[in-house]
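Taking it in order: structure first as structure tokens, then the write-up.
There are 2 protein chains.
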Amino acid sequence: MSASIKILLAEDEPALGQIVKESLETRDFEVILCTDGEMAWKQYLQHKPALLVLDVMMPKKDGFALARDIREQDKRTPILFLTAKSQTSDVVNGFHLGGNDYLKKPFSMEELIVRMHALLDRASQREDLETIRIGQYSFNYPKQRLTFKGDDQYLTHKETELLYHLAEQRNQVLDRSLILKKLWGDDDFFNARSMDVFITRLRKKLKQDPSVEILNVRGIGYKLIC
Amino acid sequence: MSASIKILLAEDEPALGQIVKESLETRDFEVILCTDGEMAWKQYLQHKPALLVLDVMMPKKDGFALARDIREQDKRTPILFLTAKSQTSDVVNGFHLGGNDYLKKPFSMEELIVRMHALLDRASQREDLETIRIGQYSFNYPKQRLTFKGDDQYLTHKETELLYHLAEQRNQVLDRSLILKKLWGDDDFFNARSMDVFITRLRKKLKQDPSVEILNVRGIGYKLIC
DNA sequence: AAGGTGTGTTAAGCAGTGTTAAGCCGTAGC
DNA sequence: GCTACGGCTTAACACTGCTTAACACACCTT
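Chains as they are written, first to last, in this note's numbering: chain A, 236 to 461; chain B, 236 to 461.
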């Protein structure tokens with residue numbers, strides 16, 4: 236049995252929740268059913284599901300509030316809202332972007348499945364898009380991994396962030412002070428020394444491909460060549 | 236799976252924008268859709284796309300104004316304008332040069348794709364052109380390297396910039412004061428002395444090929460012979 | 001609670017870059 | 001041929017950046 240995809244379903248109406256859960260399980264999803272927003276939050280933290288299906292109207296914490304909390308720490312996992320007809324669609328529209336979708340009640344199981352698959356596909360596509368080519372390396376930003384011909388290195392968080400910013404401005408000068416403010420919060424002497432160290436470490440990790448270089452532009456910043 | 240090419244699409248008509256976006260996405264482009272000029276500007280700064288497709292008529296900032304702003308800091312990224320039939324062609328023609336093109340509405344997706352590829356190909360060719368021949372040397376501007384028969388020298392940032400400007404005006408006189416203002420910010424006594432030093436250093440690095448010379452034109456500037 | 005591992009910071013000395021200084025050289029104008 | 005000026009060259013200097021190692025702290029495991 237292949238590892239099935241984990242779904243978090245939050246629906247306060249017990250009958251509906253149970254039907255959807257069972258129906259999804261016959262289609263090989265693993266479903267965690269929650270009956271209110273707070274429970275959903277706890278279960279989300281514990282299970283990190285691949286997709287969330289959230290009723291908007293729920294006790295303790297509604298679907299939007301929950302989504303906001305989740306988005307604070309997780310910009311990627313897609314969320315599908317279930318809304319009653321009466322819910323004003325402009326609120327929903329605010330969320331109908333960036334890995335979110337919604338479905339009006341009542342809905343058929345077929346509709347739900349189609350939308351779920353659409354979201355899951357998009358999310359898996361994004362995986363590829365999140366992989367950045369740097370010369371012969373491929374750099375997976377969210378996974379903090381740098382791969383060179385199958386040879387995988389793990390980057391720390393700060394290394395990742397720094398490399399990401401360098402890669403965003405590849406072949407252009409990235410301002411030193413800007414990066415210090417963004418990653419260290421302040422451009423002072425000690426943070427600058429710390430950044431020196433990180434540049435050295437990145438250079439070391441990038442030297443498998445000699446066509447990739449981090450050049451210094453004195454007094455201004457760095458330039459990632461690739 | 237190669238990282239797909241990032242495109243910024245600015246189109247205020249939502250239906251058209253969405254169709255084009257989706258259509259391009261099926262062709263393996265990554266599309267950032269913006270609905271007005273200001274949003275496009277912000278997204279441009281953040282994503283640095285490989286190509287911009289801009290509707291000329293847009294809220295907040297029209298396509299031409301946006302292009303002007305972008306060209307101030309970025310002379311390379313190609314821009315494709317989408318124009319209504321009514322738009323006067325002389326304005327368009329002003330931009331129909333230097334990495335720009337335009338397409339009249341209504342257009343077919345095929346036309347758009349063809350033009351986009353034409354622009355992207357031209358841009359990638361230019362990448363190669365970043366290696367400049369100077370006599371027997373090859374000078375890679377972004378990599379700050381000067382190669383003579385496999386013998387590689389590293390140039391500092393200022394050396395690189397100076398040589399680049401000399402090479403741009405090869406066999407013509409490059410104005411002393413102009414360079415001082417451009418690279419040193421001001422034409423004063425001390426900066427002029429500093430520039431003398433850099434000219435000396437460049438001459439030293441260029442003397443492997445005796446047919447390459449930096450000649451002085453007394454009181455006016457320098458001329459790179461090659 | 002103790003020990004281990006990993007991450008980011010601090011420290012110290014060295015290397016590279018661009019600026020300043022000083023004296024010399026070559027050419028134009030007299 | 002002399003002078004004045006602009007340009008050339010070398011060396012020394014200040015400052016920025018580079019590198020290595022040691023360190024402190026948080027987190028994990030037992």
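Glycine included, each C-beta is placed from N, C-alpha and C at the ideal position.
Values in this document were obtained by computation on a predicted structure and should not be read as measured data.
Q: Compile a chain-ordered list of the residues in the region 253-267 of chain B whose CB is closer than 8 Å to at least one CB of chain A.
A: The region 253-267 of chain B vs chain A, Cβ under 8 Å: E265.
Q: Could you tell me the distance, in whole angstroms, from the CA atom of Y337/A to the CA atom of L287/A?
A: Approximately 11 Å between the Cα atoms of the pair.
Q.
If the cut-off is 8 Å on Cβ atoms, which residues from the region 361-387 of chain B count as contacting chain A, listed in chain order?
A. For the region 361-387 of chain B, residues whose beta-carbon sits nearer than 8 Å to a beta-carbon of chain A comprise P377, K378, Q379.
Q. Whose C-alpha, out of I242/B, Y389/B, K458/B, I414/B, is nearest the C-alpha of I267/B?
A. The residue with the shortest Cα to Cα distance from I267/B is I242/B.
Q.
Just list the residues that DSSP pairs A408/A with in beta bridges.
A. A quick correction: the sequence has Val, not Ala, at residue 408/A. K458/A.
Q: Determine which residues of the region 439-450 of chain A have a Cβ less than 8 Å from any Cβ of chain B, and write them out in chain order.
A: Within the region 439-450 of chain A, the residues whose Cβ lies closer than 8 Å to some Cβ of chain B are E448, L450, listed in chain order.
Q. Which residues, in chain order, does the region 409-423 of chain B contribute to contact with chain A at a C-beta distance below 9 Å?
A. Among the residues of the region 409-423 of chain B, none has a Cβ less than 9 Å away from any Cβ of chain A.
Q: With K393/B as the anchor, note down where its alpha helix (DSSP H) starts and where it stops.
A: Unbroken alpha helix (DSSP H) run through K393/B: 392-403.
Q) Which one or two residues does DSSP pair with A285/A in a beta bridge? A) Residue pairing by DSSP places A285/A in no beta bridge whatsoever.
Q | R411/A classed as buried or exposed, judged by whether at least 16 other C-beta atoms fall within 10 angstroms | A | R411/A should be labelled buried.
(Q) Could you compute how far the alpha carbon of I254/A sits from the alpha carbon of I314/A? (A) Going from the Cα of I254/A to the Cα of I314/A covers about 20 Å.
Q) What distance in whole Å lies between the Cβ atoms of I240/B and Y279/B, which are believed to be in contact at a cut-off of 8 Å? A) No, Y279/B and I240/B are not in contact; Cβ-Cβ is about 15 Å, not under 8 Å.
Q: Step through the CB atoms of chain B and report whether any lies within less than 7 Å of the CB of L398/A.
A: L398/A has a beta carbon lying at 7 Å or more from every beta carbon in chain B.
Q) Does DSSP classify M236/A as helix, strand or coil? A) Residue placement at M236/A cannot be trusted, given a pLDDT of 39 that sits under 50; the coordinates are not used to answer.
Q. Any idea what DSSP makes of R262/B, helix, strand or coil?
A. Residue state, collapsed to three classes: coil.
(Q) Given a cut-off of 7 Å on the beta-carbon distance, is the pair I367/A and V408/A in contact? (A) No, they are not a contact pair.
**Q.** chain A residues whose Cβ lies nearer than 9 Å to that of H352/B
**A.** Residues of chain A whose Cβ lies closer than 9 Å to the Cβ of H352/B do not exist; the shortest such Cβ separation is about 19 Å.
Q: Indicate whether at least one CB of chain B lies closer than 7 Å to the CB of I460/A.
A: The C-beta of I460/A comes closer than 7 Å to at least one C-beta of chain B.
Q) Can you name, in chain order, every residue of its own chain whose Cβ lies under 7 Å from the Cβ of L259/B, other than the five neighbours on each side? A) Taken in chain order, the residues that qualify are I242, V266.
Q. With which residues is Q388/A paired in a DSSP beta bridge?
A. Q388/A pairs with L381/A.
Q) Quick one: what's got a C-beta closer than 6 Å to R357/B's C-beta in the same chain, skipping five residues either side? A) Setting aside the 5 residues that flank it on each side, R357/B has no residue in the same chain whose C-beta is closer than 6 Å to its C-beta.
Q) Using a Cβ-Cβ distance under 7 Å, would N335/A count as near chain B? A) Not a single C-beta of chain B is nearer than 7 Å to the C-beta of N335/A.
**Q.** Range covered by the alpha helix (DSSP H) that runs through V432/A
**A.** According to the DSSP assignment, V432/A belongs to the alpha helix (DSSP H) that extends over 424-441.
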